[in-house]
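Peer 1:
2 protein chains.
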Amino acid sequence: MSRIERFADAVSDAGMAAALIMNPPDVYYLSGTGQPCNLLVTPGGEPVLFARRYLDLARRASHVERVLPGAGFSAVAREARLGDGPLGMELDKVPAALVDRARRAFPDREFADCSGLLLAQRAVKDAGEVEAMRASVRLFDAVHAAMCEHIRPGIAEYELAAEIERALRRAGHDGVVFQRRWDAKLPMEGGIASGQNLSTISRGPITVTGVGMGEAFPMGASRRRLERGDLVNIDLGLNRAGYHGDMARTYAVGELPDGIEPLAHACREIQDAAMGVIRPGVSCESVYEAAKAAAERLGVADVFQGYDDLHGPYIGHSIGLELDEPPVLGPGVAEPLREGMVLAVEPKLISPAFGAVNIEDEVVVTADGCELLGDLPRCLFVVGESGDVARIP
Amino acid sequence: MSRIERFADAVSDAGMAAALIMNPPDVYYLSGTGQPCNLLVTPGGEPVLFARRYLDLARRASHVERVLPGAGFSAVAREARLGDGPLGMELDKVPAALVDRARRAFPDREFADCSGLLLAQRAVKDAGEVEAMRASVRLFDAVHAAMCEHIRPGIAEYELAAEIERALRRAGHDGVVFQRRWDAKLPMEGGIASGQNLSTISRGPITVTGVGMGEAFPMGASRRRLERGDLVNIDLGLNRAGYHGDMARTYAVGELPDGIEPLAHACREIQDAAMGVIRPGVSCESVYEAAKAAAERLGVADVFQGYDDLHGPYIGHSIGLELDEPPVLGPGVAEPLREGMVLAVEPKLISPAFGAVNIEDEVVVTADGCELLGDLPRCLFVVGESGDVARIP
Chain A
707 MSRIERFADA VSDAGMAAAL IMNPPDVYYL SGTGQPCNLL VTPGGEPVLF
757 ARRYLDLARR ASHVERVLPG AGFSAVAREA RLGDGPLGME LDKVPAALVD
807 RARRAFPDRE FADCSGLLLA QRAVKDAGEV EAMRASVRLF DAVHAAMCEH
857 IRPGIAEYEL AAEIERALRR AGHDGVVFQR RWDAKLPMEG GIASGQNLST
907 ISRGPITVTG VGMGEAFPMG ASRRRLERGD LVNIDLGLNR AGYHGDMART
957 YAVGELPDGI EPLAHACREI QDAAMGVIRP GVSCESVYEA AKAAAERLGV
1007 ADVFQGYDDL HGPYIGHSIG LELDEPPVLG PGVAEPLREG MVLAVEPKLI
1057 SPAFGAVNIE DEVVVTADGC ELLGDLPRCL FVVGESGDVA RIP
Chain B
707 MSRIERFADA VSDAGMAAAL IMNPPDVYYL SGTGQPCNLL VTPGGEPVLF
757 ARRYLDLARR ASHVERVLPG AGFSAVAREA RLGDGPLGME LDKVPAALVD
807 RARRAFPDRE FADCSGLLLA QRAVKDAGEV EAMRASVRLF DAVHAAMCEH
857 IRPGIAEYEL AAEIERALRR AGHDGVVFQR RWDAKLPMEG GIASGQNLST
907 ISRGPITVTG VGMGEAFPMG ASRRRLERGD LVNIDLGLNR AGYHGDMART
957 YAVGELPDGI EPLAHACREI QDAAMGVIRP GVSCESVYEA AKAAAERLGV
1007 ADVFQGYDDL HGPYIGHSIG LELDEPPVLG PGVAEPLREG MVLAVEPKLI
1057 SPAFGAVNIE DEVVVTADGC ELLGDLPRCL FVVGESGDVA RIP
């Protein structure tokens, strides 16, 4: 069954008359085109792709047979042959005013959120998608090389960001990162933070965010200059051919600060503990619980995923055409893992006392466990002033 | 009067009971913080800033006196003392599902779109904002230097993008670009296009978009390598301290192709014609009409802002905390210009026959005309293989 056929079945099972898909990564997933389009999926009917702008390009890129011009919802309403039930739209993503316009084109119709159905389908990757994500994860090799080349006392976080971005673009990054959350935003090099910026958690989710260049966007690289003995974290969204990776590593400038080695060990052990329980059927929550139990056993529960009243309720998340896909590997998430899911696993130990140590990698859920998508050593790197690199642990 | 006081007056004049502001650039404009917050503005009442995440950071950054914790709408509902009228929200930006959650917290309340009120206020910049935008426009100097240094036969568009991004980050770019449109997306280096990619208009608005690295995001720099005699366009969103510039220039690789010089002249003359009519009281539409009349007079109307059935209905747009602010300088937009508006003026001549020639600059509307925010020559640049640069015209 094709992706559209499977989605049509889910729409039907949910009692919806049809689904109207507009969010670019969703349209791309189902129809194969990245052009701005509305895709009408009707159970039992032929899918129709409405090109909001460039009809010829949409036709050329998409495998959908029926591609029509149409920027507005009236074109959709003219073609739609809907049975009973609400019309599904991506209500978590499409602005309210735009949905209101759709309501006017379908005046007596209820509307329902169909994002959950599509995201549940997208969560299980096929073999081609897993290969695409392997290639995306491999982009981090260029990041790592640039970090090792440029991390020296005196360089500013934003200057380091410039080198990371350059390396990523040259390695084939698409240049943009897709995020599901409406107000999420990341520079291409993601979050770079050092020194006291490691434990200032700002703007984004509870993680190592950095503090940014100013108050208008207070996260990411700042003007702070690295000093010998600093830790530096990088955590970023990689995107190649539409598929994302999410990788993080910690670097030390010139020498490893006192007390960090056991934290690097602990971070790796927590990640191992989480990965150790990942297999089909296990709940998202129990992956989090395994990580948390490891943090407790290792005596780092007070700095696990944050500190004081800031503890991020997650150990990872699904990832694919968007960086931040559901499900979250967090408390209260009973959803079972399925074979083919790709998960980011990201323990981080954060405290004003030492800064932060983090590590993040992707795994694909296999029939009886999981498999790492990358092969970069999962450790902390101490970058010497002559460019020598030592690994901890 | 403060920004919040003026906005509260507009909310009152529109008959709304209050406005609940969530979009980060809007929250930043009114409250001074870039932290994720909901800002409740009630005519006659004290504004309340609800920190969705980092209360201390929001308190430290904001001049709003009453800053409370509160991620959800129930916290807002508990504090709100609303008179008659709908509650304003940014319905053009906030996803429908989130607005539905707000509806549940205010069960008997109508909701209205308050974005127009706030964007109308934001459109007129104060002196500090104009200075911020001058600094943002100046970021293009680094772009221009990198274009002149790296435009050579053999370099790929994406490799050029890597150098532009690096130069921008080093010059102090915030690392992200804010756009109002829900599905708009730009790499940091914006659109880079050359050769046949100049006239393939893809994904974004009708402009020089480039074709991108693949179908998942089919705009921006591609893998195409520059050849001697190519034209290269760059058009990008600059962002420094939250304020944007939007600049474009055209470069020729090694030599100027036949027939391009008159087009470069025409592009500059069209821009001059548009800028020549900009002053307070003139309608947005008439700026477009002046540009279009110049294109007709110069014999380039058939390639003005596009070709065949693709002609972008605009000659420019307002710009500020977001790259793509209203009003648009386009047909049917009767809104009069006001002193203090900052406008991007962007003529472009596009055709499969020659590619594209474009130019874009910002002006601020003054008491009796307008003033350019930058001082980069408004011309086409021919970049020689030894790095010599000639200007046309």
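Here the protein sequences line up with chains A and B, keeping their order.
Per the numbering used here, the first sequence runs over residues 707 to 1099.
Per the numbering used here, the second sequence runs over residues 707 to 1099.
Idealized CB from N, CA, C, for every residue including glycine.
Looking only at DSSP bridge pairs, what is B:D1081 linked to?
Peer 2: Paired residues: none, contrary to the question.
Peer 1: Determine, using beta carbons only, whether A:V1071 and A:R1044 come nearer to each other than 8 Å.
Peer 2: yes
Peer 1: Closer than 7 Å to a non-hydrogen atom of the ligand ATP - does that hold for the CB of A:V747?
Peer 2: Absent from the structure shown: the ligand ATP. Ligands present: none.
Peer 1: Less than 8 Å between the beta carbons of B:R974 and B:I1065, yes or no?
Peer 2: Inclusion of B:R974 and B:I1065 in the CB contact set at 8 Å is warranted, their separation being smaller than that value.
Peer 1: Apply the 10 Å Cβ neighbour rule to A:Q741 and answer buried if 16 or more other Cβ atoms are within range, or exposed otherwise.
Peer 2: buried
Peer 1: Return the chain-ordered list of same chain residues with a C-beta closer than 6 Å to the C-beta of B:G910, the five sequence neighbours on each side being excluded.
Peer 2: M925
Peer 1: Where A:E711 and A:G738 are concerned, what is the direct C-alpha to C-alpha distance, given to the nearest angstrom?
Peer 2: 14 Å
Peer 1: Could you give the distance in angstroms between the alpha-carbon of A:D814 and the alpha-carbon of B:Y734?
Peer 2: 39 Å
Peer 1: Check the Cβ of B:E865 against every Cβ in chain A and list those closer than 9 Å, keeping chain order.
Peer 2: R875 and R876
Peer 1: So, does the CB of B:L1078 fall closer than 8 Å to a CB anywhere in chain A?
Peer 2: no
Peer 1: Between which residues of its own chain and A:A829 is the CB-CB distance below 6 Å, once the five residues before and five after are set aside?
Peer 2: If we look at A:A829 and ignore the five residues flanking it on each side, its Cβ neighbours are S1024 and M1047.
Peer 1: Can you grab the Cα-Cα spacing for the pair B:R758 / B:L745, in whole Å?
Peer 2: 10 Å
Peer 1: What distance in whole Å lies between the Cβ atoms of A:N945 and A:H879, which are believed to be in contact at a cut-off of 8 Å?
Peer 2: 6 Å
Peer 1: How should B:G1022 be labelled, buried or exposed, when 16 other C-beta atoms within 10 angstroms of its C-beta is the threshold for buried?
Peer 2: buried
Peer 1: When Cβ atoms are compared, which residues of the region 720–740 of chain B fall closer than 8 Å to chain A?
Peer 2: M728, N729, P730, P731, Y734, G738, T739 and G740
Peer 1: Would you kindly work out how many angstroms separate the C-alpha atoms of B:E816 and A:W888, rounded to a whole number?
Peer 2: 23 Å
Peer 1: Give the range of the beta strand (DSSP E) segment to which B:A757 is assigned.
Peer 2: V754 to A757
Peer 1: If you follow the beta strand (DSSP E) that B:H950 is in, where does it begin and where does it stop?
Peer 2: Y949 to V959
Peer 1: How should B:V1011 be labelled, buried or exposed, when 16 other C-beta atoms within 10 angstroms of its C-beta is the threshold for buried?
Peer 2: The question names Val, but residue 1011 of chain B in the sequence shown is Gln. So B:Q1011 counts as buried.
Peer 1: Just grab the DSSP bridge partners of B:L763 for me.
Peer 2: Bridge partners of B:L763: none, in fact.
Peer 1: Considering only the alpha carbon of each residue, which of A:D715, A:A1050 and A:E863 lies closest to A:R931?
Peer 2: A:E863
Peer 1: May I ask which residues mark the beginning and end of the alpha helix (DSSP H) holding A:H850?
Peer 2: A833 to H856
Peer 1: How would you write the range of the alpha helix (DSSP H) that A:D732 sits in, first residue to last?
Peer 2: Note, A:D732: alpha helix (DSSP H), P730 to S737.
Peer 1: Given a cut-off of 8 Å on the beta-carbon distance, is the pair B:M839 and B:G951 in contact?
Peer 2: yes
Peer 1: Using a Cβ-Cβ cutoff of less than 8 Å, which residues in the same chain neighbour B:S718 once the five nearest sequence positions on both sides are dropped?
Peer 2: P749 and G750
Peer 1: Ignoring anything shorter than 3 residues, give me the beta strand (DSSP E) runs that lie fully in the region 1047–1072 of chain A, in order along the chain.
Peer 2: 1048–1051, 1054–1057, 1061–1064 and 1067–1071
Peer 1: Looking at the unbroken alpha helix (DSSP H) that takes in B:S992, where does it start and where does it end?
Peer 2: C990 to R1003
Peer 1: Residues in the same chain with beta-carbon distance under 8 Å from B:P731, minus the five sequence neighbours each way, listed in chain order, please.
Peer 2: F884, G948, L1027 and E1028
Peer 1: For the alpha helix (DSSP H) that B:M981 lies in, which residues bound it at each end?
Peer 2: I966 to V983
Peer 1: Is A:D1030 helix, strand or coil by DSSP?
Peer 2: Looking at A:D1030 - three-state DSSP - the assignment turns out to be coil, as it is neither helix nor strand.
Peer 1: Chain A beta carbons: is any one of them nearer than 8 Å to that of B:E1091?
Peer 2: no
Peer 1: If you measure from the beta carbon of A:I907 to each beta carbon in chain B, is any gap under 8 Å?
Peer 2: It does: the Cβ of A:I907 has a partner Cβ on chain B nearer than 8 Å.
Peer 1: My understanding is that A:Y1020 touches A:S1057, with C-beta atoms under 8 Å, so please give their C-beta distance in whole angstroms.
Peer 2: Not a contact, Cβ separation roughly 18 Å.
Peer 1: If I'm right that B:L1055 touches B:A972 with Cβ under 8 Å, what's the distance once you round it to whole angstroms?
Peer 2: 7 Å
Peer 1: Bridge partners for B:M795 per DSSP, in chain order?
Peer 2: B:L726 and B:D819
Peer 1: Determine the closest residue to B:L962 out of B:G897, B:V1095, B:G860 and B:G916, with distance taken between C-alpha atoms.
Peer 2: B:V1095
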